[in-house]
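Undergrad:
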Amino acid sequence: MSLTTHLTHVLPHRLMSSLARRLAYSDHPRLRRWLIDTVVSRFGVDLDEAAQPDATAYPTFNAFFTRALKPGVRVADPDPRALVMPADGRISQCGPIEHGRIFQAKGQSFTTTELLADATAAKPFEDGLFATVYLSPRDYHRVHMPWSGKLLETVHVPGRLFSVGPAAVQHVPRLFARNERLVCHFETDFGPMTVVMVGALLVSGVETTWSGEEIPAYGDKVTTRDWRGEDIDIERFEEMARFNYGSTVIVLLPAGVAELDAGLVAESPVKLGQRLATLTG
-9 MSLTTHLTHV
1 LPHRLMSSLA
11 RRLAYSDHPR
21 LRRWLIDTVV
31 SRFGVDLDEA
41 AQPDATAYPT
51 FNAFFTRALK
61 PGVRVADPDP
71 RALVMPADGR
81 ISQCGPIEHG
91 RIFQAKGQSF
101 TTTELLADAT
111 AAKPFEDGLF
121 ATVYLSPRDY
131 HRVHMPWSGK
141 LLETVHVPGR
151 LFSVGPAAVQ
161 HVPRLFARNE
171 RLVCHFETDF
181 GPMTVVMVGA
191 LLVSGVETTW
201 SGEEIPAYGD
211 KVTTRDWRGE
221 DIDIERFEEM
231 ARFNYGSTVI
241 VLLPAGVAEL
251 DAGLVAESPV
261 KLGQRLATLT
271 G
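The sequence shown begins at -9 in the working numbering and counts up one residue at a time.
Next comes the structure, spelled out in structure tokens:
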């Protein structure tokens, strides 16, 4: 286990993330510029793709981090039966959910019930499909819909804020089922679809397009919000949420509705809009 991964077991996660949030929203000119320049240089951020390519134009580090892309930089797969990748990043893992268990890394897995904090909600995905996409600090940090759906409910599950980098995924048991997360349940024309926004160390927030900021506020109990009467319909490829720092999004699909794209393997780089899966029904 790396020193960084070991330290994440003992560090005060929420305190560190709260401090990171203050820095991210600071409009102090020198601090803002230093943070942006450091991330651009260290992680090789391609600002040519951004709607605002001038790094000095962002009022805060958070505004830079959640930047929009130029129109047409990402497009949805033209096949009308293709579910699309929800974000830029890398595939952490993807494949079948086997008897309710989701593969994390060699020797590591967790259950759909643990991830969703609800055995009833997990049932439709017991032998379905999953795709876990890791967003690094260099990536576009807005998450889009894999398929058109109506929002049914969101579940804010409090938890830890471990790093979700590759080393932590290898060594922290049940990582994604332990970190704080926002579970988004949708109804689609093929059945249920769930998109899970997983928080991470130094992630200072998760925001949705229908409700604004969801994480923080930090909490000590699972909080469910029912959206069934609000008619929140989100189209395939439309933005649904955004992270304020690198993290992970997990897509769950029920059994028998789709096949994952054959080219997707662990650690393969992916782009928003490329084919995630193809409907089979």
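Here a beta-carbon is modelled for each residue, glycine too, at the ideal position from N, C-alpha and C.
What three-state label does DSSP hand proline 86 in the structure shown?
TA: Reduced to three states, the DSSP call for proline 86 is strand.
Undergrad: Determine which residues share a DSSP beta bridge with glycine 181 and list them.
TA: Bridge partners of glycine 181: Thr178.
Undergrad: One question on the structure: do proline 148 and valine 29 come within less than 8 Å of each other, judged by their Cβ atoms?
TA: No, the pair does not count as a contact, with Cβ atoms beyond the cut-off.
Undergrad: Do proline 136 and proline 76 come within 8 Å of each other at the CB atom, strictly closer than that value?
TA: Yes, they are a contact pair.
Undergrad: Could you check whether the segment 226 to 233 touches the segment 101 to 119, counting it as contact only if at least three pairs of C-beta atoms, one from each stretch, sit closer than 8 Å?
TA: Judged by Cβ distances under 8 Å, the segment 226 to 233 makes no contact with the segment 101 to 119, as fewer than three pairs qualify.
Undergrad: Does proline 258 pass the burial test, meaning 16 or more other C-beta atoms within 10 Å, or should it be called exposed?
TA: Residue identity differs from the one stated: residue 258 is serine in this sequence, not proline. By the 10 Å Cβ count, serine 258 comes out exposed.
Undergrad: Report yes if the C-beta distance between glycine 305 and leucine 243 is below 8 Å; otherwise report no.
TA: This structure gives no information on residue 305, because the portion of the chain shown stretches from -9 to 271.
Undergrad: Using alpha carbons as the reference points, say which of Arg71, Phe93, Ala72 lies closest to isoleucine 81.
TA: The option with the nearest alpha carbon to isoleucine 81 is Phe93.
Undergrad: Under the rule that 16 or more other beta-carbon atoms within 10 Å means buried, what is threonine 46, buried or exposed?
TA: Result: exposed.
Undergrad: By the three-class DSSP mapping on this structure, what secondary structure does isoleucine 92 have?
TA: The answer is strand: DSSP assigns isoleucine 92 an E or B state.
Undergrad: Should threonine 151 and leucine 125 be called a contact, given that it needs their Cβ atoms to be closer than 8 Å?
TA: For clarity, residue 151 is leucine in the given sequence; the question names threonine instead. Their beta carbons are not under 8 Å apart, which means leucine 151 does not touch leucine 125 by this criterion.
Undergrad: Which runs of the beta strand (DSSP E) spanning at least 3 residues fall entirely within the segment 87 to 165, listed in chain order?
TA: For the segment 87 to 165, whole beta strand (DSSP E) runs of length 3 or above, ordered along the chain, are 91 to 95, 98 to 101, 119 to 124, 132 to 134, 139 to 147.
Undergrad: State the CB to CB distance for the pair aspartate 67 and leucine 262, rounded to an integer number of angstroms; the pair is presumed to be in contact (CB under 8 Å).
TA: Not quite, the Cβ-Cβ distance comes to about 11 Å (not below 8 Å), so this is no contact.
Undergrad: Please look up how many angstroms separate the CB atoms of threonine 144 and cysteine 174, rounded, as I've assumed it's under 8 Å.
TA: The pair is a contact, with the Cβ atoms about 5 Å apart (cut-off 8 Å).
Undergrad: Quick check: leucine 25 and glutamate 39, are their CB atoms within less than 8 Å of each other?
TA: It is not a contact, given that the beta carbons lie outside the stated cut-off.
Undergrad: Pull up the distance between the alpha-carbon of aspartate 223 and that of threonine 50, whole angstroms please.
TA: Distance between the alpha carbons of aspartate 223 and threonine 50: 31 Å.
Undergrad: Could you check where the beta strand (DSSP E) with threonine 214 kicks off and where it finishes?
TA: Start and end: 213 to 216.
Undergrad: Locate the beta strand (DSSP E) running through valine 255, then write down its first and last residues.
TA: Neither: valine 255 is in no beta strand (DSSP E) and is coded neither H nor E.
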